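**Q**
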Amino acid sequence: MFGMGFFELLVVLVVAIIFLGPEKFPKALVDIVKCFRAVKKTLSDAKETLDKEIHIEELRQQSLEYKKYFEESAQNVQNSLKRELEEVKEIKELQEFKEITQSIAKDNPLDSLAEEVHADEKPKVSLEKKPPDAPR
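Okay, so the sequence shown: first residue is 1 according to the UniProt record's numbering, each after it adds one.
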């Protein structure tokens, strides 16, 4: 204890008995033991408090990491949804453009005339065999 051997402890006890006297020595010994116990308890409590604080700090760090992870995940989902919505808007615009061009084509008489001319220019060939005596 305290780096002292048996002989050193015996010398301290003899000096304490001589200095305090046989009446006060037992009370002083009890007070010294109480003091050591109080110091030991205080150190133990301080250690527990530090351990709790360290554990709380670890939990805080973990919660901050989870928060960062969830924020990044939410941002990724949000960006993905924005891209999907942009694609849907583009598809809708293309569909509207297609409908407009179809309605213009229906309303444009030149296009319908061009289609009629192309239809008239196509030769009408029949794949059926005609009898040789049939008029041409």
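Glycine included, C-beta positions come from ideal geometry on N, C-alpha and C. Predicted model, so just to flag it, every value in this text is computed and none were measured.
Just how far apart, CA to CA, sit L64 and I56?
**A** 12 Å
**Q** Taking the CB atoms as reference points, tell me whether F7 and A16 lie closer together than 8 Å.
**A** No; because the gap between Cβ atoms is not below 8 Å, this pair is not in contact.
**Q** Given A46, which residues of its chain have a CB within under 8 Å of its CB, disregarding the five upstream and five downstream residues?
**A** Result list for A46: empty, nothing under 8 Å.
**Q** Assign M1 to one of three DSSP states: helix, strand, or coil.
**A** Here the model assigns M1 a pLDDT of 49, short of 50, so the residue's position is not dependable, and the following value carries that caveat. Coil, per DSSP.
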